[in-house]
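Data block below; observations after.
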Amino acid sequence: MVKQVEEARERIKRLHPLASVPLVKVFPAFACCLRCCSKPNKYSQLVNDEDRDDLQRLDTIAKDLGISIDQEENGNQKLNNNVNNPSDDPYLNLGFGIVAYFRMIQTMIFLFFVFTLLSIPAIFIYSSHNGLEGLQNYSRAKYSLGNMGFSNAVCQSMYIGIESPQQIKCKEGKIKKLFSYGIIPIESGNEAYCGLASKGNDKIQYCSSPQYIDSDSLNKDFETSCKGKSQCDKPIYYHHYVKFDIKDNCNADHALFYLQYFCEQENGDVNDKRQEALIVACMGIFISLIFLCAVYYLFESSKIDYKMWDVDTVTAADFTVESIISQEAWDKFVGIYAKNLQPNETLVNKFHEVYQKEVEKVVSMEEGVLSQSQNQDIRVSNITFAFDNVELLKLLQKRGMMVTKALLNKIKQIDDEINNIKDQKRKQLTRPVAAFITFETQEGYERACNIKGKKNWKQEIVSSKHMFQDQPLCFQEAPEPTNIIWENRDRTFKQQTTRKIIVLVVIIILLLLAFAAFFFLKQQTIRNYQKYPPTTDCQSILDMFDGGIDNTEFRGYADFDGPLTESRKGTGIYQCYCQEYKKQKGNLDNAKICDDYSQDQLIGLGLSKVVSVAIVIINFVLRTLNMGLISFIGYYTESQQTLVIKSSIFISQFFNTAILLILTNANTQQTFLSFIPFEGQYPDLTFEWYNDIGSSLVITMLTAALWPIIEFVMFSGLKQFFRLLDRSFSCNPNKTKCKTVQQYVNLYSGPDYLMHFKYSAMLNVTFVTFMYGLAIPLLFPIAFLYFIVLYVVEKLCLTYYFKKPPMYDEKLNESVIGTMKWAPVFMMIFGYWIMGNRQIFHNVVIENQLKSDPIQTDHAGYDISIDVSLPLFIMGIVMFIFIFFNDLFLTILLKLRIIKEDKEDEVDEKLGTYVQCLGKKNRQMWRIEEQHMRKEFGIKTLNENTLAEMKNNKTHNKLIKTCPNYEITTNPKYSAAFQYTSVDMRDTEEEKHTSDMVAKMLYLAYFSKEEQKKFVFKGAQNIFKNGMSLKFGKQDDFKAIQPSLENEEEGKRDIE
């Protein structure tokens, strides 16, 4: 059992190579502070000790297999050449994708710090006004453009029987005009009417005649007491303007007296606002230009960073190219050589020999790149073939999953499936479809990269300057070994294109369904908003009734106003009565008249929470579905797949965060989008929008800023809970219910590192901030906070929590930069819209016909005027043209020879040979694997020259510290998925048997036809008998295991 524990811990250690990195290396900018505050770290000694132990263990295994050991390299004087240099940046070995990711976050931190400073004047300008004062969300809304105040039409109505005075005032500006007034009789059916009485129905026209209204007194009092003032000098009693000579429904107590007046700003105030808005607009243009320049600088500098990373590090991809082997080339080769094979020779071995000679010949003929010698002898160090065995790989992965779960019956079924495939599709399984050719030197790699093939629209190679078996022979740069998705190698261009179309259609349908769901849920919220407007001045209504909720008259009118409120025609009395009752009593249990109000508030509040939760749930569901759908397409590399997943998740999140809330509340009938049947509450960014949606957006973005911390706490806490559950809440770190080593590793190792979530969230925050930044500049400091939190959490989690990620290439980083450059266009176009608001900057006031109608804005979008919004519109168009046609312009300039094309110079990285860069540890592991296959299987995958070089060559000062070759079993992802254990890590006969079975299937092509037919894939019968299940869970075994640990805390640290 001790061996199984050690094996599990060793696997976990390999999955977390940065776990022992000190904080000084995680945050080198704060090295001085961290050195003072933290305890001395023995990281250098720990790295050396671990590698020394590994080398000694490998040497012992090598001796057992009869492999000679190079004594010159076994000394301590050579040890430093075989281990990771502790002074190096540990993140360089994770691939350029990770390096570029953190570089981008650092750039964003700096940029948004600058943007935060630039946005301070806008925040100060907006908060200096009070246009939204008194509204529910004023604490957040006051930092938005809406707080500058709006000119608007105010419609008031009150029951004639109420003899208390009415408050006539403006939230912004002065009272300029009494537009309409009249009486709405009981049961007229049009209680929300607010327009000219002469245009109302017959009942309104009749009751609003001089027979019932003293128009002269009303107009006189309005002119003398109200006009030109922010509120009337003396109280206005609606009751006084009603004539009671004839008593009927027109002047009954429950008839409504309404009036509509215009609140307009002074011209001087409007000009001041325009000047202040011009400052904000210039700030926006300046921010956009800075960001655009920074993005292009980041794009160009990332090329330099990639070169520097490439020079500073060495990977197997620095020596390796990929070449496609067509069916025609293989068939012709088989026709020529199949009958002339030596007794112990297989087709693949012969193909390896012939193919290698042809590759060395054509590459040697190429013009020198790093060396000027054209006839330099170029040699291939190793060739790894990819076979047409995708179906087999999927079954081996499925089998590995069943082994992890200890489902023996399922394993036997899969074993039978594997044997059936082996017998029925043996020729297919042994046909090479691609070759990963690793050259001895960088020169060979650079020359091979110059031998490109010409492809047609189907991405099929149709021609090349060299031929092999009458088929084009060409090469392309190979992806990093851990970047390859082997099970997708059989996907053709046609299959991928078809699946892309299917996935695109499905994603669009999902987004439409999400929109439909939000739209449905939001309708009740909109209805509640129309029934109980948050802008209702309840304090004025409460002042009308002495004694508050105990006033009988107040209760009576509230009771009568209830049905009108339900039909969105209320005066506000019912709303304010129930609101005040709940405020004083704490609940509405004893207020029967407020049952509807209570139910509406409960449903409205519930739906608001449902909508908030639904956004998170639907985002999560869409994210999960996007991952599955994109995986269905079948991309060849992790970088390609991650890039597309990133884009799809970003579009979904941005649509749900920035677009969906606007659309579900939008009223497009007053804009150039009137053909879209949206009839929500907001035809523009009105003061209600800033109070409702704008303030909610601040909370949403603040949550997004803190989400990396929240997400880590949630999922790490869940992980710890399952570990405690596995130990039965025991303090003993060795107690477990796991039945297999891999099950134990899965539980006690960290989760996979998924970059598409990170980039998608980063893009979403950036685009939302830029889109709404001019309207809500508070988003800039929130975004600054987000990037700081993201950087700290990501650095710590990648180092101490997540598994080692695959080596992403530069394409993902380039794609994100290419997307980010569009953010300023969103700011300019949306800024043009918000700065063109007619009620803030043009004093446009349009009457309403009904109180429940959306505000009339006269803002269609196509009516371009010379005002503060014009520069934003022009810059938006210029930026759009520049970004969209940038590549086209460059192409034209190159064709006209106005500019010269920059040719990328190849850098001699002084790498030495591939075998030298492997280092002793990797070479020894590879030799052990090869010797085991030769001894146990009788097959060869390495040629004798390369094997001899591995024994005799000296170690270079630059070492490959990642996956050293393109053998699928050296990729940690696939070795874990197949339940394959490398020869140097096998402790039991079961592991040896299972791993050998997997290896035989993967290297089936290297066996003779007779051996292929004889071979039967069958797992070990006692695979779980000596596993980590019941026996490992007994207390006696804990006591046996514990002496192997120095103390309990050390054991816990080693596992976790």
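In this text, residue positions in the sequence shown follow full-length UniProt numbering: the first is 1, and each later residue adds one.
In this text, a Cβ means the ideal position worked out from N, Cα and C, and glycines have one as well.
So what's residue 715 in DSSP terms, helix, strand or just coil?
helix
Leaving aside the five residues before and after residue 795 along the sequence, list all residues of the same chain whose C-beta is less than 8 angstroms from its C-beta, in chain order.
26, 27 and 102
Could you give the uninterrupted runs of the beta strand (DSSP E) lying entirely in the segment 921 to 960, keeping only those of 3 residues or more?
none
Looking only at C-alpha atoms, which of 883, 653 and 630 sits nearest to residue 642?
630
Range covered by the alpha helix (DSSP H) that runs through residue 538:
538 to 543
Output needed for residue 387: all residues of its chain with C-beta closer than 7 angstroms, excluding positions within five of it in sequence on either side, in chain order.
429, 430, 431, 432, 433 and 1005
With distances taken between CB atoms, is the gap from residue 992 to residue 1015 smaller than 8 angstroms?
no
Is the shortest distance between the beta-carbon of residue 794 and the beta-carbons of chain D less than 8 angstroms?
The structure shown contains no chain D; it is built from a single protein chain.
For residue 7, count neighbouring C-beta atoms within 10 Å of its own C-beta (all shown protein chains included) and say buried if the count is 16 or more, exposed if not.
buried
Just to confirm, are residue 119 and residue 147 a CB contact at a threshold of 8 angstroms?
no
Quick check on DSSP: helix, strand or coil for residue 19?
coil
Consult DSSP for residue 80 and reduce its assignment to one of helix, strand or coil.
Model confidence at residue 80 stands at a pLDDT of 42, short of 50, so the residue's coordinates are unreliable and nothing is read from them.
Which partner residues does residue 455 have in the DSSP bridge list?
461
Within 10 angstroms of the Cβ of residue 622, are there 16 or more other Cβ atoms? Answer buried if so, exposed if not.
buried
Buried or exposed: where does residue 996 fall if 16 or more other Cβ atoms within 10 Å of its Cβ makes it buried?
buried
Mind checking whether residue 831 and residue 872 have CB atoms under 8 angstroms apart?
yes
If you drop the 5 nearest sequence neighbours on each side, which residues of the same chain put their C-beta closer than 8 angstroms to that of residue 809?
95, 96, 97, 479, 480, 483, 637 and 639
Can you give me the C-alpha to C-alpha distance between residue 84 and residue 761, rounded to a whole angstrom?
Note that residue 84 has pLDDT 42, beneath the 50 cutoff, so the model's placement of it is unreliable and the number below is only indicative. Taking the straight line joining both Cα atoms gives about 33 angstroms.
If you measure between the beta carbons of residue 602 and residue 576, is that distance less than 8 angstroms?
no
I need the DSSP call for residue 1060, collapsed to helix, strand or coil.
Since the first and last residues shown for the chain are 1 and 1056, residue 1060 lies out of range.
Among 472, 443 and 437, which one has its Cα closest to the Cα of residue 452?
472
Cβ-based burial, residue 457 [other Cβ within 10 Å; buried from 16]
exposed
Can you give me the start and stop residues for the alpha helix (DSSP H) that residue 766 sits inside?
755 to 772
Which listed residue (270, 249, 177 and 205) has its alpha carbon closest to that of residue 228:
177
Return the chain-ordered list of same chain residues with a C-beta closer than 6 angstroms to the C-beta of residue 1057, the five sequence neighbours on each side being excluded.
Absent from the structure is residue 1057, since the part of the chain shown begins at 1 and ends at 1056.
Within this structure, are the beta carbons of residue 384 and residue 436 separated by less than 8 angstroms?
yes
Exposed or buried, residue 108, counting other C-beta atoms within 10 Å across all chains shown (16 or more means buried)?
buried
Does the count of Cβ pairs from the segment 691 to 709 and the segment 137 to 146 closer than 8 angstroms reach three?
yes
Whole-Å CB distance - residue 464 paired with residue 474, under 8 angstroms assumed:
4 angstroms
Segments assigned alpha helix (DSSP H), at least 4 residues, entirely inside the segment 774 to 804
779 to 800
Answer yes or no: do residue 835 and residue 869 have a C-beta to C-beta separation smaller than 8 angstroms?
yes
Per-residue burial, residue 648 [other beta carbons within 10 Å of its own, 16 or more giving buried]:
buried
Could you have a look at residue 158 and say whether DSSP puts it in helix, strand or coil?
strand
Comparing alpha-carbon positions, which option in 275, 327 and 462 lies nearest residue 427?
327
Distance, residue 15 Cα to residue 806 Cα
11 angstroms
Enclosing alpha helix (DSSP H) for residue 878 [first to last residue]:
869 to 884
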